[in-house]
Each structure stands twice: as C-alpha cells, then as structure tokens.
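Read the structure below first, then the notes.
Residue numbers (my numbering): 371 to 872.
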C-alpha cells in the first residue's frame, strides 16, 4: 500500500471530489459515518460523547459525527474552539445541520473557564486539528489539549491526534493529544509508524472512505506499507523440476567463542528460507555444535579456534551472509575487509560485521552493489551518526541506501526497508515479543536464503522482513509475546510461508 504525505492526501481528496464526482460535504459525511459506525460497535449509547471541534475540516468531521450519533440516540455535546471567526465551507454546513437537528448541546469555548466538567464514563472525541497542522500548538489550543490529556476519559482521535503532524515532528513533543484510539482515513500517516509517536496514538485503525482508485494509482509515493498482497507477488513459483543445485548455494559466516548460537539460528533460518544448499563458515570450536544442531548445513571450518579470520573460495556461492555472533577482533576485521574486496555477489551484513564497518566507514565504499544491511537502531546510529528521532532516521536511511547502492533494513516495531531507488517500506507484521536475543540472527538467515535463490536484493529483504514478522506473530499467538524466543520464529517459518502463498 502506498503511503502519502498529508499534502498528497489533500490532493487525493480533491481528485475524488472532482472525478467521482462527489461534493466536499458528502465526502466528509462518508468519512464521518465510518467513525460513527466504529463508535457504535465499541461504545454504548449510555456513555456521553464529548466532541471537541476545531474550525477546520477535522472539526467538520467531529460535527458530522455528533449529528450522526445523536440520530442514533447517543447523548452528545459539542465544544467548538472559537477563534471569533465564522466557520466556512463544510464545517459551517455541519454546524447549521446540528442547530437544525436540535439534539446536541452546542458550546463555543474561548477560555479555560469554558471547559466542561468531564464525568466518569464520558468519551472524548478529538476533532480539534487534523493532519494539515504545520507547527506545534501554542496558546489556547495547547491549553485545550493539556486539559483533555489530564482527564482520565477515553479519547478517540479523529484521523490524527491533535497536535501531531503527519510526517516530521522534530521539536514537537509537548502539546499533543494522547489518544486511546486513533481512527484514521484511508491510509496510515507516516508519523504513525515512528517509535516516538506511539505514546499519542493508542490503538490505531485505518477506515476506508472511498478515495478514488485512479487518483491513488496515479499519485507517486516513496513510502509504502508492506502487506501480504505485495509479498505474494515477490515469491517465485517453483518448477517441479527444481533441485538443490538450482535453488542457490548460500555462504553464512557466523559464530565465535560463546556465540555459536547465533550461527545455529541463522543457519536454520536460511534453510527455512528455501535455499538449496548452505555452507556455514565457523571457527574450529563450532564444528561439532553446528554439525549436531544443523545437520542440513555443510560446515566450512576456519583455521582459528574461536573467531573468523578467513573464508573459503567464493565462486560456488550465490549470496553471502556475514555477522551473526562474529566478534570484532583485529584478525576478524582484516578478514571482513578482504571479503568485501573479493565478493562478487550481494552480502547480507548484520551484527558485528556492521559494528566493524562503523569503525571503518571507508570500507562502505567496498560494499558489493545490492548488499543488504540489517542494523538495529544502535548499530544504525554508529553507522550514520546521532539523530533526534525516527523521522530523521529514515531520512538518513534513504540517503545511505542511495549513496552505497544497498538495501538497509532498520529493525524496529515497524521495520523500515530502504531501497537504492529512493523508496522506503514499513513492515506491517511483527510484535514486541520479537525483541529477544537471536531474533536478528533469524532475520539475517531468512534474507540470505531468499537472496541465494536469485531473488533481487530488494525482494529478498522485503519478503524476509515480512516473513520474519509473520512467523513472530504466529509464534506469539501460539505461545504469548512474553515467552517467545528466537527459535520459535524458525519453527513457524514454514507456516508463515504457507500463509502468504495460500
């Protein structure tokens, strides 16, 4: 699914109005009815609905919702933020309709003394400011937001919590509604997918409002929400004449003293990713561990007992993964540099291999084109420098992918995958239970397995991230988020594949 800026969404509204065609007030009515229907499903008519409306279209939505709910016997009160200016357009029409209906108490608020007394059980609907906001709230609007945040009532944000901007919220952290539910129209806002904004959103849900499909198709976007339908198209259909020699040969370089578990997890995940052959290069001490734990993998043994210092001839391999459990000793650094200079196929780079690159940034120029880097936020900061927030992270991520012609998988709640062509995808699968040791090793393995099968680096990364998260969701459902371990992801990988393919 494409993700659009707030400016683009406004343009899509206008495209729909012109080409459906539909009047602006009727599109607002359609959108508002989606929220009204959701409220009816989740809240009783015995609960008083307290709607706070601003002067713009977000407020117009709130006014329409109040009228619709009142028509369904909900007790509603509307508090309009009054700037002593006449309402215009659709908000004005909806105010007039409320006055004509005569079922809703209407009040204008200009000062703190105008605030209502919120009672236990009241539900607040926030329609103060929409996604078109371009600067932090201040003055009386900020006081209204602070008043609502101090209350203990459930808050439903219409489209976006008031005070939150649709994309970049750098320097905007103080006067933002902290909603329990956010009901947004047609698409998630980009700011919804960034970690620092979780505190404002509560549970968010996308409600379709029928924006014109032709407009959506024509509008270009760099940002995407990765869903099952897109991933299905990336997984190739296998011929019945396939054999292990046609399904790729992966080389995984992993493990060191005390960290052989990372090599085992990544190896298992690589095989579950469907690769035909896997060779795992390990220090000498890991030979028995690997051969016992992963009998399906072939072992390449380093001359060193405990760390990576060399690699086998690279010609047989269609993709190479390096990093899980690797360590950062000097001879390992030299071996990594030699690998970067010798590799003719894309690399999947994780963990200590990334940490070594952050110490030797000039080596980034040696990356084979199409390599996939899989940092967590700490590793990413070491690579690109400090940032203030997640929005700046994704800007740096896009710059990095373009500069080094690589794919960057920035791991997190909505893992972002940046591509060399300037696009960025947010993943829709996964859960907090996956924040556990070894989870990243599993991700490295499955991406490597897909890449070795001649999938493009972009498709391998996108498919691997989605599969990894889906396996995590299935594991959490079976065992709970609290007890999930990395090995559970490997166990569920086959079922995750089946769920996507079928």
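Even for Gly, the Cβ is constructed at its ideal location relative to N, Cα and C.
Rounded to the nearest angstrom, how far is the Cβ of residue 333 from that of residue 724, given a contact under 8 Å?
Look at the range of the chain in this structure, 371 to 872, and you will see that residue 333 is not part of it.
Tell me, which residues are paired with residue 651 by DSSP?
For the purposes of this step, residue 651 is taken as the residue at position 281 of the chain shown. Per DSSP, 623 and 670.
Checking contacts by CB at 8 Å: is residue 597 closer than that to chain E?
Looking at the structure shown, chain E is missing, and only one protein chain is on hand.
Selection from 660, 676 and 677 that minimises the alpha carbon distance to residue 669
Residue mapping note: residue 669 aligns to position 299 of the chain shown, counting from 1. Ranking the options by Cα distance to residue 669, first place goes to 660.
Taking 8 Å as the threshold, find out whether the stretch 812-822 comes into contact with the stretch 636-647 through three or more Cβ pairs.
yes
Measuring straight from C-alpha to C-alpha, what distance separates residue 718 and residue 547?
Numbered from its first residue, the chain shown carries residue 718 at position 348. Numbered from its first residue, the chain shown carries residue 547 at position 177. Using only the alpha carbons, I get a separation of about 41 Å.
Coarse secondary structure for residue 444, derived from DSSP in three states:
As a first step, residue 444 must be located in the chain shown, where it is residue number 74. Residue 444 falls in the coil class under three-state DSSP.
Quick one: any contact between the stretch 403-410 and the stretch 458-475, if contact means 3 or more CB pairs under 8 Å?
no
Output needed for residue 453: all residues of its chain with C-beta closer than 7 Å, excluding positions within five of it in sequence on either side, in chain order.
On the chain shown, residue 453 is found 83 positions in, with the first residue counted as 1. Excluding sequence neighbours, residue 453 sits near 425.
Under a three-way DSSP split, which group does residue 498 fall into?
Residue 498 sits at position 128 when you count from the first residue of the chain shown. In this structure, residue 498 counts as coil in the three-state DSSP scheme.
In this structure, does DSSP put residue 458 in helix, strand or coil?
Translated into positions along the chain shown, residue 458 becomes position 88. In the structure shown, residue 458 sits in coil (DSSP, three-state: anything other than H, G, I, E or B).
Inter-residue Cα distance where the pair is residue 619 and residue 609
Within the chain shown, the letter at position 249 stands for residue 619. Within the chain shown, the letter at position 239 stands for residue 609. Spanning the two alpha carbons is a distance of roughly 18 Å.
How far does the alpha helix (DSSP H) with residue 514 in it extend, from its first residue to its last?
Residue 514 sits at position 144 when you count from the first residue of the chain shown. 509-520 is the span of the alpha helix (DSSP H), which, as asked, contains residue 514.
Secondary structure, alpha helix (DSSP H): runs of 4+ residues fully inside the stretch 385-424:
394-412
Taking residue 621 as the reference, give the member of 694, 658, 382 and 593 with the closest Cα.
Mapped onto the chain shown, residue 621 falls at position 251. Closest by alpha carbon: 694.
Pull up the CB-CB distance for residue 866 and residue 837, whole angstroms please, since I reckon it's below 8 Å.
Numbered from 1 along the chain shown, position 496 holds the residue referred to as residue 866. Numbered from 1 along the chain shown, position 467 holds the residue referred to as residue 837. Contact holds; Cβ gap of about 5 Å.
Is it buried or exposed, residue 852, if we count other Cβ atoms within 10 angstroms and call 16 or more buried?
Within the chain shown, numbered from 1, the residue matching residue 852 stands at position 482. Its Cβ having fewer than 16 others within 10 Å, residue 852 is exposed.
Measure the CB-CB distance between residue 715 and residue 761 and report whether it falls below 8 Å.
Here residue 715 is taken as the residue at index 345 of the chain shown, counted from 1. Here residue 761 is taken as the residue at index 391 of the chain shown, counted from 1. Contact: no.
Element boundaries [alpha helix (DSSP H), containing residue 530]:
Locating residue 530 in the chain shown gives position 160, counting from the first residue. Unbroken run through residue 530: none, as it is neither H nor E.
Proximal residues to residue 781 (C-beta, below 8 Å), its chain only, five neighbours per side dropped:
As a working mapping, residue 781 is identified with position 411 in the chain shown. Once the five neighbours on either side are set aside, the close Cβ partners of residue 781 are 744, 745, 746, 747, 810 and 813.
Measure the beta-carbon distance from residue 696 to residue 741 and round it to whole angstroms, keeping in mind my assumption that it falls under 8 Å.
Sequence index remark: in the chain shown, residue 696 carries index 326 (1-based). Sequence index remark: in the chain shown, residue 741 carries index 371 (1-based). Contact flag wrong, Cβ pair sits at about 16 Å.
Go ahead and pull the three-state DSSP assignment for residue 755.
Taking the chain shown and counting its residues from 1, one reaches residue 755 at position 385. Coil, per DSSP.
Cα-Cα separation, residue 389 to residue 381:
Position 19 of the chain shown, counted from the first residue, corresponds to residue 389. Position 11 of the chain shown, counted from the first residue, corresponds to residue 381. Going from the Cα of residue 389 to the Cα of residue 381 covers about 12 Å.
Can you give me the C-alpha to C-alpha distance between residue 756 and residue 557, rounded to a whole angstrom?
On the chain shown, position 386 is the one that residue 756 refers to. On the chain shown, position 187 is the one that residue 557 refers to. If you take the alpha carbons of residue 756 and residue 557, they lie about 30 Å apart.
On a Cα-Cα basis, can you pick out the residue from 827, 803, 784 and 758 that is closest to residue 771?
Within the chain shown, residue 771 is the residue found at index 401, counting from 1. Per the Cα distances, 827.
What is the DSSP secondary structure of residue 838, reduced to helix, strand or coil?
Residue 838 sits at position 468 when you count from the first residue of the chain shown. Looking at residue 838 - three-state DSSP - the assignment turns out to be helix.
Figure out for me which residue from 818, 493 and 401 has the closest Cα to the Cα of residue 577.
Translated into positions along the chain shown, residue 577 becomes position 207. Among 818, 493 and 401, the Cα nearest to that of residue 577 belongs to 401.
Residue 704 by DSSP, collapsed to three states: which one?
In the chain shown, the residue the question calls residue 704 occupies position 334. Helix, per DSSP.
Would you tell me roughly how many angstroms separate the C-alpha atoms of residue 392 and residue 562, rounded to the nearest one?
Indexing the chain shown from 1 puts residue 392 at position 22. Indexing the chain shown from 1 puts residue 562 at position 192. Roughly 29 Å between the two C-alpha positions.
Whole angstroms is fine: what's the gap from residue 783's alpha carbon to residue 804's?
Indexing the chain shown from 1 puts residue 783 at position 413. Indexing the chain shown from 1 puts residue 804 at position 434. In a straight line, the C-alpha of residue 783 is about 9 Å away from that of residue 804.
Would you list the residues sitting across from residue 575 in a DSSP beta bridge?
In the chain shown, counting from the first residue as 1, residue 575 sits at position 205. Answer is 553, bridged to residue 575.
Whose C-alpha, out of 616, 656 and 657, is nearest the C-alpha of residue 647?
Sequence index remark: in the chain shown, residue 647 carries index 277 (1-based). Residue 647 has its Cα closest to that of 616, out of 616, 656 and 657.
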